[in-house]
Amino acid sequence: MMGKGILTGLLEDIREGMEDIDDNGIIRNKELKTLESKEIKAFDYSKVDNDTAAFLRDKELRITQIKFISAYAIGKELKEVKERLAHHYHGTFGKWCESIGITDRTARNYINAFEYVRKNFPNIDDAEKIQPSLLFAISKPSAPLELQQAVISGDITTHKQYKELEEKLKKAEQEVMEKQRLYENISQSYDRLEKKNREHYEKLKDMEIELEYSRRKVEELEAQLNNSIDGAEIATAVVEIEKVPDETLAELEELRRASKSNEVSAEIKALLKILNSSICDLGEILINIRDKDDIVDVCKSYLEQIKDSLLKLKRVSIEQLDSDLFYFIRD
1 MMGKGILTGL LEDIREGMED IDDNGIIRNK ELKTLESKEI KAFDYSKVDN
51 DTAAFLRDKE LRITQIKFIS AYAIGKELKE VKERLAHHYH GTFGKWCESI
101 GITDRTARNY INAFEYVRKN FPNIDDAEKI QPSLLFAISK PSAPLELQQA
151 VISGDITTHK QYKELEEKLK KAEQEVMEKQ RLYENISQSY DRLEKKNREH
201 YEKLKDMEIE LEYSRRKVEE LEAQLNNSID GAEIATAVVE IEKVPDETLA
251 ELEELRRASK SNEVSAEIKA LLKILNSSIC DLGEILINIR DKDDIVDVCK
301 SYLEQIKDSL LKLKRVSIEQ LDSDLFYFIR D
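This note's numbering applies: residue 1 is where the sequence shown begins, and numbers increase by one.
Rendered as structure tokens:
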């Protein structure tokens, strides 16, 4: 580390030429003005002989140390001033800095650099190789930890390298954030779709239950309808209707027995033919018919025909048969 005499002399020079310090912490006094540049470019030491190259490297190191010591010392002095003015009106420290040619931003950079070195370098000599601009960069509260470690370990030695890696890191972080947002959007969309799917599934289950219930009701109604048509009601109707033909046949049989010895007239034969035809037609219709209302209407019609035929047959028989047959039919 440089001796206290050199440090004291540097501080005096700094105080004399403080108006030449820029926002990046580069001292622009007469002695150091020739060392600054807008963008530091690595020197090609292959252009000189080995002895000269060694000499230049040594000077580079010493000047870097001086610049570091300057930045460190300025930060220390500014911190003491800030603490002294802490209880004064707001903005007093900033106004004082401006009076000596230092902006508020530059003052913060110096103080941050001083505090950073004290916190992260137990041996201050280990920090002397770090360029002030690089030190200001890593001492910012927003400086990425990865880049800080790279500077401390010596993997990053220039401010240009730092800015390039910082830009790459920012892009990588942005890509990660974009992917994270995309993932969140996809995740949210998936959650919404999954929720909709569950809702649709529940609705489908309800519809299936309703459909099954409706299917069973239809089957029950069909069974009731079939039973109503093919079962007891039709059977009862058929039995009731069939009673007429059975009774009629019995009467006809009695008439046949009673009129064995008598010749049945042509009119009686015609009536019997009509009666038999009506009974046969009625039986076929009962087999094919399914509508209850149709059954009733048809049965009524045929019963009327049969009734008329029986009345005519009875009337004719009374006129033509003997007295025994007459009394039989009358009774």
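Even glycine gets a Cβ: it sits at the ideal position worked out from N, Cα and C.
Cutting at 7 angstroms between CB atoms, please list the residues of its own chain near residue i, excluding the five before and the five after it.
i	result
N50	none
S323	Confidence is the limiting factor: at S323 the pLDDT is only 47, short of 50, which leaves the residue's position unreliable, though a coordinate-based value still follows. There are no such residues.
F121	A127
L32	Low per-residue confidence applies at L32: pLDDT is 34, beneath 50, and the placement is therefore not dependable, though the value from the model is reported in the following sentence. For L32, where only same-chain residues beyond five positions count, there are no Cβ hits under 7 angstroms.
Give me the residue from the options with the minimum Cα distance to residue i.
i	options	result
N123	E184, I152, Y183, Q131	I152
K140	W96, K171, D155, Y162	Y162
P144	L135, E166, H159	E166
R118	Y72, T92, A137, S99	Y72
Y116	K195, Y213, K79	K79
L169	H90, I74, Y45, S142	S142
D125	L61, E194, H90, G91	L61
A338	K82, F55, Q188	Outside the displayed span of the chain (1 to 331) sits residue 338, for which this structure offers no information.
Among the residues of its own chain, which have a CB less than 8 angstroms from the CB of residue i, if the five just before and after it don't count?
i	result
K76	F114
I156	L134, L147, A150, Y162, L165
T158	I40, A42, Q131, L134
F68	A127, E128, K129, I130, Q131, P132, L135
L56	F43, Y45, V48
Here's a check: name, in chain order, each residue in its chain whose Cβ is nearer than 6 angstroms to the Cβ of residue i, leaving out the five neighbours to either side.
i	result
H87	none
L182	none
Quick check on residue i: buried or exposed, where buried means 16 or more other Cβ atoms within 10 Å of its Cβ?
i	result
A137	buried
T52	exposed
F93	buried
N227	exposed
Y110	buried
I186	exposed
S70	buried
I66	buried
I63	exposed
I209	exposed
E173	exposed
Tell me, please, whether the stretch 174 to 185 touches the stretch 199 to 215 by the rule of three or more beta-carbon pairs shorter than 8 angstroms.
-> no
_So within the stretch 44 to 122, which uninterrupted alpha helix (DSSP H) runs reach at least 4 residues, ignoring any that extend past its ends?_
50 to 84, 92 to 99, 104 to 120
Check: Considering only residues of the stretch 141 to 215, which uninterrupted alpha helix (DSSP H) runs meet the minimum length of 4 residues and lie entirely inside it, listed in chain order?
Finding: 145 to 153
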